[in-house]
Amino acid sequence: MKRLTTTVLLSAALAGALPVHAQLGKLLGGGKAGKKTGDFTTVWEGEFENKATRLAVTDGTGKYIIATDDNSATVLNSEGKLIWSGDYKKITTNKTNKSEFQYTVWTDNGGYLFLFDERKLGTDRVAVIDIPTGKELWNSEQYQNLIPKDGGGGDNQELDTVKYIRELDSFLISQRNSVILVKANTGEKIWETNRFKGGVGAYLYDAKRNEIVMLNFKPTALGALFAGFKNQLVRINASNGEVLWDATFVGSIEKELVTRKPIVDLWLKGGKLYVHLNGLSVYNYENGQQLWSATYEDDMGGSSGNSLFGNRKRTKYYKLIAEPLFTDDAVYLVILGGRDRVKYVEKHDLESGKLLWASEKIAGAFCMPHIYKAGDKIMVQVGGKFQVQELRLEEKSNGLSAGMALGGFGGGSYQAWVPYIYWDYKNQKNGVLAIDDKTGKTAWRSERFDKRITDLILDGDKTVFVGDGDEFYSYDIATGNQLFDVKHNDAKVGKATDVIDFGDKVVVLSEKGLASYNKKDGSRAYASEKIRGVDYFYKIGDNYFLRDQRNSKNIIYGIDMTNGETKGSVQSKGKGGSPEYGDGIDITTDGEYIFAFKGKKVEKIKVNL
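In terms of the working numbering, the sequence shown is numbered consecutively and its last residue is 994.
Given below as structure tokens:
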């Protein structure tokens, strides 16, 4: 899957650096190959010509690596050689200089660097630069109020008021009284409509009809300018902007704390449009008429953390409630109850929305994050891990020596909000629930999970694998018979934190390492005590990575899941990178290369020999 918009969070003034080290050299435009970083091999070490204090990311393929500061950008190629470097005021014809906001959009032909220069006593400037060539593609001074006036948002985070439409290679730009579609590579206005107001919360493109369905929200930048704002769901002719129908939706769109991803989904199935926001609403795609809805909370947020010296941490919880499970004729929903806050599963007829059954109610479960259909059973995970997104106010060094500080260049430290994303558990009701698909009655249930429960792994319709902190189980889905119970604590890798489906094995990620079990009988394939403190894992291409960000660190490990061996690790202290992997680190979409950034320096690292 091609990565289109890379996201780095927090403004330049507040951008924190998650620590990273990657043995970076001083070579400009390429360097030595073959040096080891852990067990990884360094392909080359390079250096940017600018300071690289704003953005430092790759395009996902490793073909282009870009670094920016307030006033300039440098782009290297896949060999670490300089493609171009230049000052914005020289590249742009409208003299865009100090850019308050910058982000990249990656495309099949390279990508765009979007610049916004907010002028206090003049007209705001926009400029778009072609990343492969460094040439200005277009600029404009007609689009105003695009970025939040309160300093919110951050570099490489898509603006509330500018949405890139990949399928059309175009930008939808929200203004006070209208939305304008412009070609990304020329800035040419394709159409403008005053029938839709606000930022684009989510969109769905229908290639067969060349149509866009999108819903809106009130963007921070334009919020004070709107009068009579209403929630809109519209279907638009993408060629001319004609609004084919306009409907309303209930609720408000929120964005995740760190990723800033809107918490909303759109699906088009069988002539019906499904909107997943504060429940599930179903519309007739032809005329926009709402057919049916089921209202419930589909995600929750945590509260801010406090200290004696004020708020030092902002925390939100996500992935608590399973997404709707669709079959050919039905949809299954995990419902969060009202005052009692209990949770249960409902089955609705897909055509009419009629409630076919509701399961038993589950009290004491903080989350029910996954449901599956296996034959004539609906398998429900009660309890388990959920995603935590945090901004922590941390002390950072500005990197200048005391002598430089005394010389008038500043020095010492500063405070910055640093982003963290990880998975966590709460003490809650945990269990595996099998529901009869025809009646909604409980077929069987196991609650042998006192402290925690891992995600479920299903082997077709026959067996389900699941662990708690100390044991690993398998159940027959049809009957609920326990097939095996393995003492996971005998592996001496600590308590289980996650599970990974790996062919004929299940790999249990634990506090101190990995343990792998054969699905056929639960026998242990291997155990490894080489990794500690892991809070996240990734499958990228055919490669697996673990991440440790304890104590303000950011370490990425490459793992051979066949034997649990560590291929290598990278610890970075640089700014930039992707928040998916932590500051200072970016990984290509095939998982074959890691890029480690540290200020002006960058290292390209090969994952597999």
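Yeah, the Cβ is synthetic: ideal placement off N, Cα and C, and Gly gets one too.
- CA-to-CA, the gap between residue 779 and residue 671 works out to about 52 Å.
- Partner residues in a beta bridge of residue 592, as assigned by DSSP, do not exist.
- By a beta-carbon distance limit of 8 Å, residue 559 does not contact residue 610. Their separation comes to about 10 Å.
- Proximity to residue 489 across 553, 548, 950 peaks at 548, based on C-alpha coordinates.
- Here the C-alpha atom of residue 856 lies approximately 34 Å from the C-alpha atom of residue 642.
- Taking each of 588, 562, 561, 565 in turn and checking the Cα distance to residue 552, the smallest one comes out for 588.
- Distance from the CA of residue 597 to the CA of residue 654, rounded to the nearest whole angstrom, comes to 15 Å.
- The alpha carbon of residue 777 has as its nearest neighbour, out of 800, 756, 760, 738, the alpha carbon of 800.
- Straight through space, the alpha carbons of residue 436 and residue 483 are spaced by roughly 14 Å.
- Counting along the chain, no alpha helix (DSSP H) covers residue 532, and no H or E run does either.
- Its chain contains 605, 606 as the residues whose beta carbon lies nearer than 6 Å to that of residue 533, once the 5 sequence neighbours on both sides are disregarded; these appear in chain order.
- Per DSSP, residue 877 lies in no beta strand (DSSP E) and is assigned neither H nor E.
- When secondary structure is reduced to three states using DSSP, residue 732 falls in the strand class.
- By the neighbour-count definition (other C-beta atoms within 10 Å, threshold 16), residue 881 is a buried residue.
- Rounded to the nearest whole angstrom, the C-alpha separation of residue 646 and residue 563 is 23 Å.
- Distance check between residue 444 and each of 982, 758, 972 places 972 closest, using alpha-carbon atoms only.
- For residue 475, the enclosing alpha helix (DSSP H) stretches over residues 473 to 476.
- Bridge partners of residue 903 according to DSSP: 890.
- Within the model, the alpha-carbon separation for residue 953 versus residue 515 is close to 35 Å.
- CA-CA distance, residue 698 to residue 803, rounds to 9 Å.
- Each residue's CA atom was taken as its position, placing residue 832 and residue 816 some 4 Å apart.
- Excluding five sequence positions before and after residue 917, the CB atoms of its chain that fall closer than 6 Å to its own CB belong to 897, given in chain order.
- Beta bridge pairing from DSSP links residue 524 with 512.
- No Cβ-Cβ contact shorter than 8 Å links residue 890 with residue 874.
- By the neighbour-count criterion, in which 16 or more other beta carbons inside 10 Å mark a residue as buried, residue 696 falls on the exposed side.
- Residue 937 sits in a helix when the DSSP states are folded into three classes.
- If the five residues before and after residue 570 are omitted, its C-beta is found closer than 6 Å to the C-beta atoms of 522, all from its own chain and listed in chain order.
- In the structure shown, residue 467 falls within a strand segment according to DSSP collapsed to helix, strand and coil.
- Closest option to residue 934, judged by alpha-carbon separation, among 775, 601, 681, 755: 775.
- Non-local beta-carbon contacts of residue 805 in its own chain, meaning distances under 7 Å to residues more than five positions away in sequence, involve 775, 777, 934 in chain order.
- Looking at the DSSP output, residue 647 bridges to 640.
- DSSP places residue 763 in the uninterrupted beta strand (DSSP E) bounded by 762 to 767.
- Using a Cβ distance threshold of 8 Å, residue 600 and residue 556 do not count as a contacting pair.
- In the structure shown, residue 551 falls within a helical segment according to DSSP collapsed to helix, strand and coil.
- Non-local beta-carbon contacts of residue 942 in its own chain, meaning distances under 7 Å to residues more than five positions away in sequence, involve 916, 930, 931, 951, 954 in chain order.
- Contact between residue 632 and residue 590 does not hold, since the beta-carbon distance rounds to 18 Å and is not under 8 Å.
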